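Structure record follows, encoded as structure tokens.
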Amino acid sequence: GDCCKLHLVDKISTTSTRNMSDCEDDPAIFSSDTLPSDLRFMATVANGYLGTRVYGDVMHINGVYNGENGDSCRADVPSTVNVRVTVPGESSLKETYTLNTRTGMFCFNTETQDFKVTQQIFAHRTKVHLMVLTITLERLTISKEQFTVQIKSSFVPHSQNIDFVNGPDFMGARYIYGQTLTPEVKGAARQSVHMIVMPLSESLTLLPKEQRNSWAFLTAVADTEEQAKECFVEGQTLIQLNQLYSSHVAAWAALWEQSCINVTGCRRLNQALYGCLYYLLSDLPPLKPTDFQYIGLSPGGLSNGGIGEDHHGHIFWDQETWMYPNVLVFYPELARTLLKNRIRTLPAAKYIARQEGYMGAKYPWESAATGFEVCDADIYGLKEIHINGDISFAFQQYFYFTQDLGFFQKDGGWDVVSSIAEFWSSRVTWNPLEECYEIKGVMPPDEYQSDVSNSAYTGVVAKYSLQFATELASHLKVTVPSEWMKIAEKIKVPYDPMKQYHPEFDGYKSGDVVKQADVVLLGYPLMYPMSSQVRKNDLVIYEAVTDHDGPAMTWGMFAIGWLELKNVSRAQQQLSKCYSNIQEPFKVWSENADGSGAVNFQTGMGGFLQTMLFGYTGFRIMKNYLHFDPIIPDDMGELWITGINYLGNKLQFMFSPEKVTIDLTRPCGLQNSTLEVVLTNSGKSFLLNKDQPVSFLLQPGMIQSKCFAASSEQSSKF
7 GDCCKLHLVD KISTTSTRNM SDCEDDPAIF SSDTLPSDLR FMATVANGYL GTRVYGDVMH
67 INGVYNGENG DSCRADVPST VNVRVTVPGE SSLKETYTLN TRTGMFCFNT ETQDFKVTQQ
127 IFAHRTKVHL MVLTITLERL TISKEQFTVQ IKSSFVPHSQ NIDFVNGPDF MGARYIYGQT
187 LTPEVKGAAR QSVHMIVMPL SESLTLLPKE QRNSWAFLTA VADTEEQAKE CFVEGQTLIQ
247 LNQLYSSHVA AWAALWEQSC INVTGCRRLN QALYGCLYYL LSDLPPLKPT DFQYIGLSPG
307 GLSNGGIGED HHGHIFWDQE TWMYPNVLVF YPELARTLLK NRIRTLPAAK YIARQEGYMG
367 AKYPWESAAT GFEVCDADIY GLKEIHINGD ISFAFQQYFY FTQDLGFFQK DGGWDVVSSI
427 AEFWSSRVTW NPLEECYEIK GVMPPDEYQS DVSNSAYTGV VAKYSLQFAT ELASHLKVTV
487 PSEWMKIAEK IKVPYDPMKQ YHPEFDGYKS GDVVKQADVV LLGYPLMYPM SSQVRKNDLV
547 IYEAVTDHDG PAMTWGMFAI GWLELKNVSR AQQQLSKCYS NIQEPFKVWS ENADGSGAVN
607 FQTGMGGFLQ TMLFGYTGFR IMKNYLHFDP IIPDDMGELW ITGINYLGNK LQFMFSPEKV
667 TIDLTRPCGL QNSTLEVVLT NSGKSFLLNK DQPVSFLLQP GMIQSKCFAA SSEQSSKF
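Reading the sequence shown from the start, the letters are residues 7 to 724 in the numbering used here.
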């Protein structure tokens, strides 16, 4: 009916239906006249709450899972936007499929000689309960004939894991609701899903007197009837005000304005970067506080993870180690949202530790809504315990990057950090012969090993957890056991003084194949102290034995290591391996280069983004400053990074092969929070003032708060 007509639709058509030649130069717009032969590699649209693979039969909702323990996976919600538009009787059609990452929108265009049809699909960026489909018909000539298109929807109000029933229609739209069949934990409540779905006509017609017409079809999804109806009404109001589309596009524009990575003259690289950032941002909730409990980032994103799909939509170390650093540097407030979910699930982690006979909190290898273990193979949950150190390290990075002590004092951050330290203190055993603490019986990040002692990576993250808890305790003026530091100092991290490298664990044999990045992570992100010779040896030794068919995120970490050592050609060699995982035409990553494994593999994208954000720039988040040590290859042009949010100040960086320019675009506005740049070699310093860029020759340095520098100078005098 008229309720779904979009009046004054010029805005809808301006950006999305630009002809293909306009888009060809924009690396943020992926267009093709064909769809991928494997529909797993279709583009996805999501907003942190709702996500779907375009032309797929299902949508997923953040935090809605079905199945007990290891059977848990994202619950399938029938997609209302899997709709095909056809022009009857026309054979010579010009068809284009486009993912516009700037506007967070998928668009299908088809043209006859006289008419143009545009179909758009998007998950509204700020009204997160709305999934939207719009169809626009437009005359290209002065013909006055009537024009009709056929609409075919695959929507059926059923799900294999939600017991949907019909409710009374609402405002001319269909209302269905149901509950998931099986809760994650025995005795827990089943989750509710309520949907208001605007009915689709079987055809749409442009009348002889009309030049153009648009129709919008809304779906509202929520966990209560009241909220679904409220959101549906809100969506209808936006249609009447002609703001449904423009409010979504404006929200995406604001995101890109605050977080962008661009390399001049490297189209292929820019496309990969826009793709990675788009898929990551679309899985995160809006910046403004939301009315839903955000669960976190899963390796396959929000649009994947149903029955039979890799990783089931669960949260792993992938979140903290691979995706989170990219979120933190642009959006500390969203990083805090990810950490808050670990605070929310702390009681479950404490329960797991108690069950296994340990103190403190032991986080599950895979978690979903409740925070209990949902991995379908016990060995990972029991043995791959480095995830606890990964979580603590993410809290540490947050504190160093924001100095937000209140988060630890009032919001529960301290409880997580101290509980993880407590866990490690009860998990180590003393070896009197070697006079060290050991961590026995673990699976390292290299999952080809399942029961080793003294995994180097696990040892370092355990050490850091204990050290950070002790350091944080002194800021909070809380007393913690003094043995935490004693244990930290004496945790064994295997090192071979003859070969000058770190064996992956006790008894590691040179040449044994490694699944994925493991020891190489000691250099970055962990910044474990070692000479550049040892760093190089670790890279050379493990690069040679890492499985070529292993998961995509690994190569970014080798690239960062080589960039740290200023070996650009080795770095580029590693980074170029990632392109085999990027599937055309919508830049969807597969976990493995042969296309197998998780689809829309955010973990791989996270590793790739970190290579740009921490590799070429040399950014390192230190206790009291942000370190940089850039290296830009001559063939790369300029690397622009917009929106680094350090201590609440928004910064823009430009790195070229010769120089660095830093611009303070938005100061944090607090008194005594002036930032300064200090160059490492000369000690020369520059104050950063709003919109007064500072430039200098390419070299290492740091950005710090001037008052912080003064207070540490003061304290060092005593």
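Glycine included, each C-beta is placed from N, C-alpha and C at the ideal position.
Since this is a predicted model, take the numbers as computed values, not measurements.
Going by DSSP, C282 is part of the alpha helix (DSSP H) stretching over 273–288.
In the three-state reduction of the DSSP assignment, F607 falls in the coil class, being assigned neither a helical nor a strand state. Remark: C-beta atoms of I647 and F407 do not approach each other more closely than 7 Å. Counting along the chain, no beta strand (DSSP E) covers T623, and no H or E run does either. Under the 10 Å beta carbon count, S288 is surrounded by 16 or more other beta carbons and is classified as buried.
Annotated three-state conformation of H392 is helix, per DSSP. Between the beta-carbon of G319 and that of R80 there is about 4 Å, and that keeps the pair under the 8 Å contact cut. Between the beta-carbon of G366 and that of F414 there is about 16 Å, and that puts the pair past the 8 Å contact cut. Here DSSP, grouped into helix, strand and coil, assigns V155 to strand. Taking a cut-off of 8 Å for Cβ pairs, the segment 515–524 and the segment 472–492 do not touch, as fewer than three such pairs fall below it. Per the C-alpha coordinates, the member of I157, M201, I245 positioned closest to T211 is I157. C79 sits in a strand when the DSSP states are folded into three classes. Take T116, set aside five residues on each side of it, and the residues of its chain with a beta-carbon closer than 6 Å to its own are L99, E101, V123, in chain order.
Burial state of W436 is exposed, judged by a 10 Å Cβ sphere holding fewer than 16 other Cβ atoms.
Between N394 and I426, the CB-CB gap stays under 7 Å. Around the beta carbon of L693, fewer than 16 other beta carbons lie within 10 angstroms, which makes this residue exposed. T560 sits buried, since 16 or more C-beta atoms from the chains shown fall within 10 Å of its C-beta. Residue burial annotation: E232 is exposed, with fewer than 16 other C-beta atoms found within 10 angstroms of its C-beta.
For S160, no alpha helix (DSSP H) encloses it, and the DSSP letter there is neither H nor E. The way I'd put it, the segment 307–316 does touch the segment 600–607; three or more beta-carbon pairs between them come closer than 8 Å.
Looking only at S209, K192, M201, the smallest Cα-Cα distance to D169 is reached by M201. Shown here, S265 sits in coil according to DSSP, grouped into three states, outside any helix or strand.
Proximity to K665 across Y463, P487, V335, T623 peaks at T623, based on C-alpha coordinates.
For R196, no beta strand (DSSP E) segment is defined, and its DSSP state is neither H nor E. Boundaries of the alpha helix (DSSP H) around D421: 419–433. The C-beta of L569 has 16 or more other C-beta atoms within 10 Å across all chains shown, which makes the residue buried. Looking at the DSSP output, S37 shares a beta bridge with T104. Contact check for Q608 against M329 passes: the beta carbons are separated by less than 7 Å. Following the DSSP letters along the chain, one finds N598 in no beta strand (DSSP E), marked with neither H nor E. The three-state reading of DSSP puts C113 in strand, counting E and B together. The Cβ atoms of G465 and K498 lie closer than 7 Å to each other.
Under the DSSP assignment, A49 falls outside any beta strand (DSSP E); it carries neither an H nor an E label. Between the segment 650–663 and the segment 276–287, the count of Cβ pairs shorter than 8 Å is below three; the stretches do not touch.
R360 counts as exposed, since fewer than 16 other beta carbons sit within 10 angstroms of its beta carbon. When the alpha-carbon of S149 is set against those of A462, P214, T186, the nearest one is in P214. For P338, the enclosing alpha helix (DSSP H) stretches over residues 338–350.
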